[in-house]
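Residue numbers are given in the working numbering: position 81 of the sequence shown equals residue 80, and the series is strictly consecutive. Here is the structure we will look at, set down as structure tokens.
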Amino acid sequence: MNNPFAMGDSCPDTMTVWRAEDGIATAPSGVSTGPFEVQMLLSSRADGEMTAMRAFVPAGVITHWHSHPRGQLLHVLDGAGLVQRHGCEVVELRKGDSVWFAPDEKHWHGATPTSAFSYISIQPVKDGTAAHWMEPVEQEQNQ
Ligand code: MN
């Protein structure tokens, strides 16, 4: 599919294998400070089902502020990332670390200025979506 964030109607109804290189595509513009690659592992618009992706974020690229209606679990595969809950300090994550963003919690995540960042994230669907996108992060908050 052209837009990797375009959700399918539901998760596969049989066992499905994704190979490491399958379906990697550029994330749509307007959600981050620069392009990054994603491999959609699960996409759905069905309430209670999960969406999941593997993301590859170049150094210096971070998402805009956003939230997830049923929360998000993010696990770092490689590199170093930054995460911030709105109103709180920026936290650095490294390979093997995980973070949970609670439902509707405004946050961003991305690579550090000097290291790429790859992760797997899982975010369940509510009311047909798994993410609500907001404004860009102010530059001074990305430090
Ligand atoms: Mn998120």
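Just so you know, even glycine gets a beta-carbon here, dropped at the ideal spot from N, CA and C.
Item to complete: Please classify Phe4: does DSSP put it in a helix, a strand, or coil?
Response: Locating residue 4 in the sequence shown gives position 5, where the first residue counts as 1. In the structure shown, Phe4 sits in coil (DSSP, three-state: anything other than H, G, I, E or B).
Worksheet item: Between Leu73 and Tyr118, is the Cβ-Cβ spacing less than 7 Å?
Response: For this step, residue 73 is matched to residue 74 along the sequence shown. For this step, residue 118 is matched to residue 119 along the sequence shown. In contact: Leu73 and Tyr118 (Cβ atoms closer than 7 Å).
Practice prompt. Going by CA-CA distance only, name the one from Ser114, Ala26, Gly109 and Thr50 that's closest to Arg69.
Written response: As a first step, residue 69 must be located in the sequence shown, where it is residue number 70. The residue among Ser114, Ala26, Gly109 and Thr50 with its C-alpha nearest the C-alpha of Arg69 is Thr50.
Worksheet entry | C-alpha gap between Thr15 and Leu40, whole angstroms | In the sequence shown, counting from the first residue as 1, residue 15 sits at position 16. In the sequence shown, counting from the first residue as 1, residue 40 sits at position 41. The alpha-carbon atoms of Thr15 and Leu40 are separated by roughly 10 Å.
Practice prompt. With DSSP as the reference, label Glu20 as helix, strand or coil.
Written response: What you label residue 20 is simply residue 21 of the sequence shown in a count that begins at 1. In this structure, DSSP gives Glu20 a state outside helix and strand, which the three-state scheme calls coil.
Discussion item. Is Gln71 near ligand 1 - that is, is its Cβ less than 6 Å away from at least one heavy atom of it?
Written reply: Counting from 1 along the sequence shown, the entry for residue 71 is found at position 72. Indeed, a heavy atom of ligand 1 lies less than 6 Å from the Cβ.
Fill in: Proximity winner among Arg53, Asp8 and Gly86, relative to Val20 (alpha-carbon distances)
As a position in the sequence shown, residue 20 is number 21, starting the count at 1. A small correction: the amino acid at residue 20 is Glu; Val does not occupy that position in the sequence shown. If we check each option's Cα against that of Glu20, Arg53 comes out closest.
Worksheet entry | Nearest candidate by alpha-carbon position, reference Asp126, set Thr113, Ile23, Asp103 and Arg93 | Residue mapping note: residue 126 aligns to position 127 of the sequence shown, counting from 1. If you compare the alpha carbons of Thr113, Ile23, Asp103 and Arg93 with that of Asp126, the shortest gap goes to Asp103.
Worksheet item: Trp132: which of Ala5, Asp12 and His65 sits nearest, CA to CA?
Response: Looking up residue 132 in the sequence shown gives position 133. Among Ala5, Asp12 and His65, the Cα nearest to that of Trp132 is on His65.
Worksheet item: Do Phe55 and Gly80 come within 7 Å of each other at the CB atom, strictly closer than that value?
Response: For the purposes of this step, residue 80 is identified with residue 81 of the sequence shown, where counting begins at 1. For the purposes of this step, residue 55 is identified with residue 56 of the sequence shown, where counting begins at 1. It is not a contact, given that the beta carbons lie outside the stated cut-off.
Discussion item. Do Phe100 and Val60 count as a contact pair if the criterion is CB distance below 7 Å?
Written reply: Taking the sequence shown and counting its residues from 1, the one referred to as residue 60 is at position 61. Taking the sequence shown and counting its residues from 1, the one referred to as residue 100 is at position 101. No, the Cβ-Cβ distance between Val60 and Phe100 is not below 7 Å.
Worksheet item: Which of the three DSSP states, helix, strand or coil, is assigned to Phe35?
Response: Mapped onto the sequence shown, residue 35 falls at position 36. Three-state result, Phe35: coil.
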